[in-house]
Each structure stands twice: as C-alpha cells, then as structure tokens.
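Colleague:
Number of protein chains: 2
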Amino acid sequence: LTLPPLRIALAGLGTVGGGVARLLAGQERLLALRAGRPLQLVAVSARDRRKDRGFPLDSVAWFDDPVALATAPGIDVVVELIGGSEGPARRLVEAALAAGRPVISANKALIAHHGASLGRLAHEGGATLAYEAAVAGGIPIIKMLREGLVGNEVKRIYGILNGTCNYILTTMRESGREFAEVLAEAQKLGYAEADPAFDVDGIDAAHKLAILAALAFGCEVDLGHVHVEGIRHVGAQDIAYAEELGLRVKLIGLAQLIDGALEQRVGPCLVPLEAPIATVEGVFNAVVAEGDFVGTVMAEGRGAGAGPTASAVAADLVDLARGRALPPFALSAAQLRRLPARSLEARRGAYYLRLMVVDRPGVIADVAASLRDEDISMESMIQRGRAPGEVVSVVMTTHDTTEAAMRRALARIAALKAVVAEPRPIRIESF
Amino acid sequence: LTLPPLRIALAGLGTVGGGVARLLAGQERLLALRAGRPLQLVAVSARDRRKDRGFPLDSVAWFDDPVALATAPGIDVVVELIGGSEGPARRLVEAALAAGRPVISANKALIAHHGASLGRLAHEGGATLAYEAAVAGGIPIIKMLREGLVGNEVKRIYGILNGTCNYILTTMRESGREFAEVLAEAQKLGYAEADPAFDVDGIDAAHKLAILAALAFGCEVDLGHVHVEGIRHVGAQDIAYAEELGLRVKLIGLAQLIDGALEQRVGPCLVPLEAPIATVEGVFNAVVAEGDFVGTVMAEGRGAGAGPTASAVAADLVDLARGRALPPFALSAAQLRRLPARSLEARRGAYYLRLMVVDRPGVIADVAASLRDEDISMESMIQRGRAPGEVVSVVMTTHDTTEAAMRRALARIAALKAVVAEPRPIRIESF
Chain R
3 LTLPPLRIAL
13 AGLGTVGGGV
23 ARLLAGQERL
33 LALRAGRPLQ
43 LVAVSARDRR
53 KDRGFPLDSV
63 AWFDDPVALA
73 TAPGIDVVVE
83 LIGGSEGPAR
93 RLVEAALAAG
103 RPVISANKAL
113 IAHHGASLGR
123 LAHEGGATLA
133 YEAAVAGGIP
143 IIKMLREGLV
153 GNEVKRIYGI
163 LNGTCNYILT
173 TMRESGREFA
183 EVLAEAQKLG
193 YAEADPAFDV
203 DGIDAAHKLA
213 ILAALAFGCE
223 VDLGHVHVEG
233 IRHVGAQDIA
243 YAEELGLRVK
253 LIGLAQLIDG
263 ALEQRVGPCL
273 VPLEAPIATV
283 EGVFNAVVAE
293 GDFVGTVMAE
303 GRGAGAGPTA
313 SAVAADLVDL
323 ARGRALPPFA
333 LSAAQLRRLP
343 ARSLEARRGA
353 YYLRLMVVDR
363 PGVIADVAAS
373 LRDEDISMES
383 MIQRGRAPGE
393 VVSVVMTTHD
403 TTEAAMRRAL
413 ARIAALKAVV
423 AEPRPIRIES
433 F
Chain X
3 LTLPPLRIAL
13 AGLGTVGGGV
23 ARLLAGQERL
33 LALRAGRPLQ
43 LVAVSARDRR
53 KDRGFPLDSV
63 AWFDDPVALA
73 TAPGIDVVVE
83 LIGGSEGPAR
93 RLVEAALAAG
103 RPVISANKAL
113 IAHHGASLGR
123 LAHEGGATLA
133 YEAAVAGGIP
143 IIKMLREGLV
153 GNEVKRIYGI
163 LNGTCNYILT
173 TMRESGREFA
183 EVLAEAQKLG
193 YAEADPAFDV
203 DGIDAAHKLA
213 ILAALAFGCE
223 VDLGHVHVEG
233 IRHVGAQDIA
243 YAEELGLRVK
253 LIGLAQLIDG
263 ALEQRVGPCL
273 VPLEAPIATV
283 EGVFNAVVAE
293 GDFVGTVMAE
303 GRGAGAGPTA
313 SAVAADLVDL
323 ARGRALPPFA
333 LSAAQLRRLP
343 ARSLEARRGA
353 YYLRLMVVDR
363 PGVIADVAAS
373 LRDEDISMES
383 MIQRGRAPGE
393 VVSVVMTTHD
403 TTEAAMRRAL
413 ARIAALKAVV
423 AEPRPIRIES
433 F
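In order, the protein sequences belong to chains R and X. With the numbering used here as the guide, the letters of the first sequence map in order to residues 3 to 433. With the numbering used here as the guide, the letters of the second sequence map in order to residues 3 to 433.
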C-alpha cells in the first residue's frame, strides 16, 4: 500500500521557514517512514526570490504572492510562517481554510487574535488548522493538552512562555545587572529584537497563554481579557531580595478557571525555589498543567529558534499525513464555550513589595498601618542598611490577601510623603 | 453526526483498574465531548466479584475469565490492567490482538518482554496495542516520542523512571538516613512493595527504558540487552559527598545510539545539580529526549498511582475513539530495526568512587597508581577525618575515561590490602 506524497507549500522563508525546509530535506527518509508517505515540499513563497538561503529551491514552485498558495493546484497543505496577526498571513490562512485546504501555522499572534473566527472558518471549510509551533516552540504542548491529558479536567495551566524574558531574568540574577543593560546585551546576542516591546512587555507570552487557555478549558480564545504586565520594572535588587526569601522572579503566564470564570494573566511572579518551574532558566520555556486525575505535569524545552519550531511544524505535518488531524481547538467550533472573564481584583495570594522610602523614623509604621487598614498582614520585612534622610529600599512580603485589598493599600502607601517612587508589587505564587 | 459509543472491557480492578473505572464515570460528559462519542464501560473481569470497590458495576457484564474478553461480543477495546509479563495478562492480550480487537495496556513488563511479538501480532490481526500508561504514568511520553517529536532523529533518551527509587533517594538525601531504613518507611507509606526488588533493583525502570528506546530509535524492544543496577549499594554518605561535589544521585535509565549500536542501561548516576532532571524529586518521574532539531525536551509528572495511570489510559481510549490509533511502535512491525547492543565497556565518561580503606600511609598513593596505570586521571579526592589504623572513606572523582579502563582499575584497587570493601563506582553524567 503506497500512499501519495503530502504536497507542502511553505509561506515564509525566514529563520523558521528555513528551518522547516532544512528539516524536510534532512529528514526526508525518516519522515516518509514515520508518516507512511513522503512529505514533499512543492511550493514556496517569500519576499526575495534571489536570496541565497543555503538550500536548493530549484524543484519547487515559486509564488510571489503567498495568498495564491491558498488555492493554487497541486498543494495538500499550506505552512504559514510569515507571522503577524494581519496582512498576508491572515489573508493566506483565511483563504486557505475557506477553500478547504489544511493550514499549519507557527503564528501565535494570528491564532491569539483570530483563533475563534479561524476555528469557525476551518469548521465550515472542512479543513484543519494546526499550530503546535505557535506555543512554546519545540515542546509539544498543544498535543499534550488536547490529546495526552484529554481525560482530565484542567484546573490551572501556567508557564514560562517567553524565552527572551526568561533569558533576561536569568542573566540579571546571575550577573546582578539591571534590566536595561542585560536587554542591550540580549539584543546584541540575537536573543531580543531591536524593538523588544513585544517580548519584554509580555505581549508574546499573552498570545501563547490565550491559546493554551482555550485548549485547556475548551473555550474560545479570548486575548482581550488577558491581563498583561512585562518585566521592565523588575529591578536587580528585587531578584536578589527574592533569592534571600527563597523565591525566584519569573515571567509567568497563568490561566485558571474559578467558579466558572476564567482568569488569564501574564506578569512577573515570585515562585518558590523548590518549584520545578523555578529551575527553568535561560531561553528555555516550560508549561505546567494541573489536571484532576493526572496531577501536575510539566514540559520543558526550547521555546523558539529554527530547529525547535521546525520540529513542531513537522509534528503537525506528520499528523496530517497520517490522517490524524483534529479540530483546531480539539472540540468543534460550536462546542467551544465563551467563559466570563474573572477580574484580577479577585486574585487571592501573597505579594512581594519593594518601596523606595526616605529613611526616617515612623516610615515603616506608616506603611504597616496602611496594610493593616486593608486587613493585610505582613509576613516578612527587610530593611538593610541605614541612611537617615536618604532614599533606601524596604522590602516586605504579605500573607494571602486579595488583589483588590492590595491595590487599595498601595494607593495609601503611595500617598505617604516618605514613599518616593510608585510601589510595584510582585505576585507570589505557591506552585 | 452521532457516532456509536466505544464499548470498553476492563480486565483488572485493582488500584489502577479502579482509577480507570472512576475516570470513565466521573468524566463521562467531558470524554464524550472530546472523543466525539461516548466511552462506555460494558464489561469487567476481576478476581473477586463480591468485593465492594466503591463504584457500581450493575450495568456492566462480569467475566470470571479475563481471557474471554478477547473475543466476547459487544466489545470494541480491551483495557488490560492485570499486570505481569505472563499468565492471564499475556493470554488475554495475545488472544485479543489475534482476534483483531484493539488492546490498551498499562503493563510495562508485558510490553518490555513481548513487545516485538505483540507488535507483529497486532500488525497481523489489524488491531492496535496502545500503552501510554506503561511508561512514566501520567506523563504522555509515548505520545510525545512517536508524535510530538516525530520530526527528530533522537540522539539520546534518559529519565527517572521509578518513583519508588526516586522517593528513597530523595528521602535519604533529606534525612541523611541509610537505604534500609528509608525503604522500610517507604513500605509503610505504601510507596514501596513488600517485595521491593522489582523497584529497587532497577527491573521496573529497565522495562520502561526498553520501551522508550524502541520508540525513540525505531527498533524492536530489546529488554535482554538492558544493563541493570539498582540502588541498594548507594550509601547515605555517597549522597552527601555528591552534594558537596555539586552532584545528585538519581536512578537513571538511559538509552543512546552510538555508531549504530544501542546502549541501554539503568543504574544510579550522579547528575549536576543544575541539570533539570536533578530537581525532579520524590515520587515524580521525568523523561528527557534529545532530538537533532528540537534540542532537549523534558517532561515531568507522577509516574504511578490510580489517577495518573487512568489519565494515560484515557488518552489511549480517546485516540482510539477518534479513530487515531497508530501501530504499537509507530512504525509497522516489519519496519522496526534490530539494533546491535553496545557494550557498556565502551561507555565514556567520568566516575565517582568511594573506597573504604584502612587509614595508613601510602594507601592513597597506591589507589592513585592503580588509576594511573589504566590512564585514568583523578579530578578530585576527599578524605575527611583521620583515624590511623581504622577504616575510613576515601571519595574521588575521575576525568572522562572508559568503563573498561575503570573496571580494570577497580580490579587493581580491590586487590590492595588496605581496601576493605568492594569498590562500587557511580557513573557521572554531564546532562
């Protein structure tokens, strides 16, 4: 029994597209064996036809317009690696799905912004949309959620979803240097973009979290209700104080279902040093899922780069070649719930707080009173070194309270004369 | 479009069988939604029909003979949770596969001993044999290997595959107590069996490793060539010295393909404290796969227990219900390679060695000379405390050498008059 080849069109030949092309060439025999049929690259589209990409494209049809891949004959699946939530990427994916042509995409922005409508389009067109590469790179987390843990009601899912931020936080801790300096170095090393906002402000992690939440909770992607904070305001001293307290700063994306409402947030968190996720360092990503039967499962690996992303695309391609495609969000579009968003104000947990205060008698008492007035009890306090009349750091952690109470207390504290900078709390998670 | 239910027969109603029955009942709606059809328990077989199991079995057919489930009418899949590599478990699985009836099994001993022949039987019968629950409990590692990482040539796979051993080693480290005492406690807590040999001598881990190796390298299961050592000879002081050296003792199962030959071994190893696997503690399991495109991926979770095992069985059931079954070892039986076994003597790496020696001048010089004569260079040496004429510990680590050279050096060392106990080296892995 010989099956015909799966004929693949590749839109985008940047770092990731190049990785996929190299994987398809390099693993040709292996893939054919495992998929039960050849995976054949038959068409590509990219911006510059003449650029030398280090691999031959002679036997492959060239398209100047990627959107043409959606309906051009002789193609079984379109792999969209253009990126961006609008423009040609969106037009290509929509046109392909509408034409009933399966799409594999690594485009987290596209899926996060338009996942719900693309899911419906895929359903109507009778096509698949697969996107293993869109979340956590080489970690097969999409497959793990919608297949491996399918017998569980997921209670909570969280992870380190942005390698750039994790690299910066790890390097800040190891070197004691400040954010701006480490970011500049990361940019030089190619770990951060020239415009770093997308990564360091938490947007990229938010895209991935919204996708994970939809899969974990069987609901429509709801990017608009992800609360997003980045890591720009995390100081080298926060990281050092945290270690002293047995905690580590990580940019965490977290989604959980509480009383039927969905909480989704990205932001710096303090996690116990003993938590498995605390030891995920550098550019690595990790995702933790908590299921009612399985308990806690964590997967860790490279979240970006040509090789890991190509590996994830290959998994989707082989599933398709094996005839094992699933609906984009595991359930059919009509079965996906729309969950109410849970206000972050309802979050219950502990907080870390660093205040910059003028060192004079009574300051700590005033801060303590502000917390007490909101029924928040302090767990620990560190004020290192005395410098009467100068600005010093005061660090404290609270017992469990609510985000609402914390915000009210912070407003009181910010109004104190001796407090000279806006206090920025960091949530403590008891993973 | 309404699909008929998947009719399930359950053989074995012990801890795991009970967990599966509870999952099928408790997640009935969720599973039907996700699988696109109901998963219905229609028949069971267990030893004692009258035993109260905490869940109703009224509407379910009872079979005294589990093997009858292989061909009884009205059944779509048999879930084998009896255990053991021979006896009724084997007879049931063989009969079902021969009859073309799909089998899902959590039985690592059965798959490790008879995987190759069962794979052929499944192929001939046109049935599936799925066994996600057989390796690392709730961690969907089988799916990860044969689907999620399908685009990779796996270079090496290793893991903590036995929760009992990991619990004992973790507790020994935390409490400073010796193996026998901690084992007794683990038995009381239900983390170790009355006869612990299967776990602490590495046999259970060897079963799982042989299965993982077959999947990772596309070869027939070859349990006979797994080199197996347990943890009985690991002393509390080895663990303490290791920490001092920045290393942690773990029972590691490791398989790698070198020059076309397969190395498979289970044994205590020293891993760097910074390695992700070093922080996998207590009853948790973890598996690390190294692929040529994806790099390093690790998955961690509970490796045993009713809930995690039931979660893995459910994943296989839903795949089957969705019509997404794969051949047992991803490739068809005829495509699986038979790989030559690589001798452990060829292993290249560093070693830790604790010697019990009579404290008198010249002992260390004699030991050092034994190593030098085999071209082994010492990396570090610790001899704590002096007790002239008494027996003391001498601990050393070597630079990279071969297992063969190490064995020759050990024979020389064991022959020294001052060395009073058989030296037991522990391999150091640079994960």
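Heads up, the beta-carbon is just placed ideally off N, CA and C, and yes, glycines get one too.
(1) Taking Cβ-Cβ distances below 7 Å as the criterion, which residues of the stretch 142-158 of chain X are in contact with chain R?
(2) Using 8 Å as the threshold, is the stretch 280-296 of chain X in touch with the stretch 153-169 of chain X, meaning 3 or more CB pairs across them?
(3) Run down chain X in chain order and give the residues with a C-beta less than 8 Å from the C-beta of Ala317 of chain R.
(4) Assuming Leu112 of chain R and Ala91 of chain R make a contact with CB atoms under 8 Å, what is their CB distance in whole Å?
(5) Are there three or more Cβ pairs, one per stretch, closer than 8 Å when the stretch 260-274 of chain X is compared with the stretch 222-234 of chain X?
(6) For Gly140 of chain X and chain R, any beta-carbon pair shorter than 7 Å?
(7) For Ala124 of chain X, does the count of other Cβ atoms within 10 angstroms reach 16, so buried, or fall short, so exposed?
(8) What separation, rounded to the nearest whole angstrom, lies between the Cα atoms of Asp201 of chain X and Tyr169 of chain R?
(9) What residues in its chain sit with their C-beta under 6 Å from that of Ser313 of chain X, if we drop five residues either side in the sequence?
(10) Report the start-end ranges of each beta strand (DSSP E) in the stretch 275-326 of chain R that is 3 residues or longer and not cut off at the edges.
(11) List the endpoints of the continuous alpha helix (DSSP H) containing Lys190 of chain X.
(12) Under 7 Å, do Leu41 of chain X and Leu33 of chain X count as touching if we go by C-beta distance?
(13) What did DSSP end up calling Glu176 of chain X once you bin it into helix, strand or coil?
(14) From X:Leu253, X:Thr17, X:Glu176 and X:Ala129, pick the residue whose C-alpha is nearest to that of Gly56 of chain X; which is it?
(15) Please go through the same chain and pick out, in chain order, the residues whose beta-carbon is closer than 6 Å to the beta-carbon of Ser379 of chain X, but skip the five residues on each side of it.
(16) Short check: CB of Ile430 of chain X to CB of Ala348 of chain X, under 7 Å?
(17) Which one of X:Pro58, X:Lys53 and X:Ala45 has the shortest CA to CA distance from Gly76 of chain X?
(18) Output yes or no for whether 7 Å exceeds the beta carbon distance between Ile415 of chain X and Val369 of chain X.
(19) Tell me, please, whether the stretch 96-112 of chain R touches the stretch 67-75 of chain R by the rule of three or more beta-carbon pairs shorter than 8 Å.
(20) Say whether chain R places a C-beta atom closer than 7 Å to the C-beta of Leu25 of chain X.
(21) Any chance you could list the beta strand (DSSP E) runs of at least 3 consecutive residues sitting entirely within the stretch 125-172 of chain R, in chain order?
(22) Would Thr281 of chain R pass as an interface residue toward chain X - the criterion being a Cβ-Cβ separation below 7 Å?
(23) When the cut-off is 7 Å and only beta carbons count, does Pro310 of chain R lie next to chain X?
(24) Which term fits Gln29 of chain R, buried or exposed, when burial requires 16 or more other beta carbons within 10 angstroms of its beta carbon?
(25) If I'm right that Arg103 of chain X touches Ala129 of chain X with Cβ under 8 Å, what's the distance once you round it to whole angstroms?
(26) Given that a residue counts as buried once 16 or more other Cβ atoms are within 10 Å of its Cβ, and exposed if not, what is Ala186 of chain X?
(27) Alpha carbon to alpha carbon, what distance is there between Asp361 of chain R and Ala371 of chain R?
(28) Should the stretch 404-413 of chain X be regarded as contacting the stretch 235-252 of chain X, the criterion being three or more beta carbon pairs within less than 8 Å?
(29) Taking 6 Å as the limit between beta carbons, can you name the residues of its chain near Arg78 of chain X, skipping five residues before and five after?
(30) Jot down the residue ranges of each uninterrupted beta strand (DSSP E) in the stretch 324-371 of chain X, minimum 3 residues, whole runs only, in chain order.
(31) Mind checking who Ala37 of chain X pairs with in its DSSP beta bridge?
(32) Quick check on the DSSP output: the beta strand (DSSP E) that includes Arg421 of chain X runs from which residue to which?
(33) How many Å lie between Ala13 of chain X and Ala215 of chain X at the Cα?
(34) Near Leu171 of chain R, which residues of its chain fall below 6 Å by C-beta distance, leaving aside the five closest residues on each side in sequence?
(35) When you compare the CB positions of Thr311 of chain X and Tyr354 of chain X, do they come within less than 7 Å of one another, or not?
(36) Applying the criterion that 16 or more other CB atoms from any shown protein chain within 10 Å of the CB defines a buried residue, is Ile260 of chain X buried or exposed?
Modeller: Answer, in terms of the structure:
(1) Pro142, Lys145, Met146, Glu149, Gly150, Leu151, Val152, Gly153, Asn154 and Glu155
(2) The way I'd put it, the stretch 280-296 of chain X does touch the stretch 153-169 of chain X; three or more beta-carbon pairs between them come closer than 8 Å.
(3) Glu149, Gly150, Leu151, Val152 and Gly153
(4) Confirmed, Cβ separation roughly 6 Å.
(5) yes
(6) yes
(7) buried
(8) 39 Å
(9) Gly140
(10) With a minimum length of 3 residues, the continuous beta strand (DSSP E) runs that stay inside the stretch 275-326 of chain R are 286-293 and 297-304.
(11) Phe181 to Leu191
(12) yes
(13) helix
(14) X:Thr17
(15) Excluding positions up to five away in sequence, the list reads His401.
(16) Contact flag unset, no.
(17) Minimum Cα distance to Gly76 of chain X is reached at X:Ala45.
(18) yes
(19) With the cut-off at 8 Å, the stretch 96-112 of chain R and the stretch 67-75 of chain R touch.
(20) yes
(21) With a minimum length of 3 residues, the continuous beta strand (DSSP E) runs that stay inside the stretch 125-172 of chain R are 156-162.
(22) yes
(23) So, interface residue.
(24) buried
(25) 6 Å
(26) That one is exposed.
(27) 17 Å
(28) no
(29) Before going on, a small fix: residue 78 of chain X reads as Asp here, not Arg. Around Asp78 of chain X: Leu8 and Arg9.
(30) Fully enclosed beta strand (DSSP E) runs of 3 or longer: 350-360.
(31) In the DSSP output, where bridge partners are listed per residue, Ala37 of chain X has none listed.
(32) The identity of residue 421 of chain X in the sequence shown is Val, whereas the question assumes Arg. Unbroken run through Val421 of chain X: none, as it is neither H nor E.
(33) Cα-Cα distance, rounded: 27 Å.
(34) Val251
(35) Contact: no.
(36) exposed
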